[in-house]
Amino acid sequence: MIGFLSGNLHRKDEHRAVIDVNGVGYEVFLAKDTLYQLGETGSSVRFEIYTHVNENAFHLYGFKTLSEKMFFQKLISVSGVGPKLALQLLSAMPVRNLMQALIEGNLTVLTSISGVGKKTAERLVVELKDKFKEEGLGLPIPAANDDQDGDSKIRDVTSALMNLGYPETQARRIVQGLDINQADTVQSLIKKSLVKTQK
């Protein structure tokens, strides 16, 4: 099995990226925020890899961190949750926020995610709630009023720039070039982005 891939970005679309590793192209499915943060074609990338094999397919799923990969593996251990739905869950919100929803049994949050019905949400909570309470995967659980993390800020700033009329590709490029600190708010990052476009 492939543990990780390190190479250069060959191309990407809305669901996956092709990574050139010593002349071999590996097609890797990624969560949306991970795709948004990818650089230009030819840029260096590295992903933790989960290999999903069944009688009809051989798919690679990529993750920024080992913790995110472990979280994905917990999700697909739940009855009725396959790799595609698990990736949909990871695309919907940051890992720690999703973990918090599972620990709290917040069905409203879970069922707001495309593809997750009430029964699936209930199974996720029943099968994972106690596991995450005990193990945690080394991820901090945010307080109820905790600020958005970096991934969520990136998504919100990108969306704000698009609402201001910037094409999606340009908006992503602008945000990727920002120096984002923990103390930055979405509003301050929007200001930084606008200043950057005027240079």
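Mapping of the sequence shown onto my numbering: position 62 corresponds to residue 64, and the numbering continues sequentially without gaps. Ideal placement from N, C-alpha and C gives every residue a C-beta, glycine not left out.
Run through DSSP, which three-state label would residue i get?
i: E70; result: helix
i: S195; result: helix
i: Y219; result: With the chain represented from 3 up to 201, any question about residue 219 goes unanswered, as that position is not in the structure.
i: D181; result: coil
i: T43; result: coil
i: P142; result: Confidence in P142 is poor, its pLDDT being 49 and thus under 50, which makes the residue's placement too unreliable to answer from.
i: S79; result: coil
i: L62; result: strand
i: E16; result: coil
i: I176; result: helix
i: S8; result: strand
i: T110; result: helix
i: D186; result: coil
i: Q150; result: Only weak support exists for where Q150 lies, its pLDDT of 45 falling under 50; the coordinates are left without a value.
How should residue i be labelled, buried or exposed, when 16 other C-beta atoms within 10 angstroms of its C-beta is the threshold for buried?
i: D148; result: Summary for D148: the model assigns pLDDT 44, below 50, so the residue's position carries little reliability; its value from the coordinates is reported in the next sentence. Result: exposed.
i: Q189; result: exposed
i: T171; result: exposed
To the nearest angstrom, how far is the alpha carbon of residue i from that of residue j?
i: L130; j: G107; result: 10 Å
i: R157; j: L163; result: 10 Å
i: I182; j: S195; result: 11 Å
i: T122; j: M101; result: 15 Å
i: L37; j: V47; result: 11 Å
i: N10; j: V118; result: 34 Å
i: V128; j: R13; result: 39 Å
i: S45; j: I115; result: 31 Å
i: P96; j: Q200; result: 31 Å
i: K78; j: L91; result: In the sequence under discussion, the amino acid at residue 78 is Ile, which differs from the Lys named in the question. Looking at the two C-alpha atoms, the distance is approximately 11 Å.
i: E16; j: A173; result: 15 Å
i: N165; j: L191; result: 15 Å
Skipping 5 residues on each side, what residues in its chain have a beta carbon closer than 7 Å to that of residue i?
i: K76; result: L130 and K133
i: G179; result: K198
Here's a check: name, in chain order, each residue in its chain whose Cβ is nearer than 6 Å to the Cβ of residue i, leaving out the five neighbours to either side.
i: E29; result: R18 and V20
i: I4; result: I51 and T53
i: E70; result: V97
i: L87; result: G117
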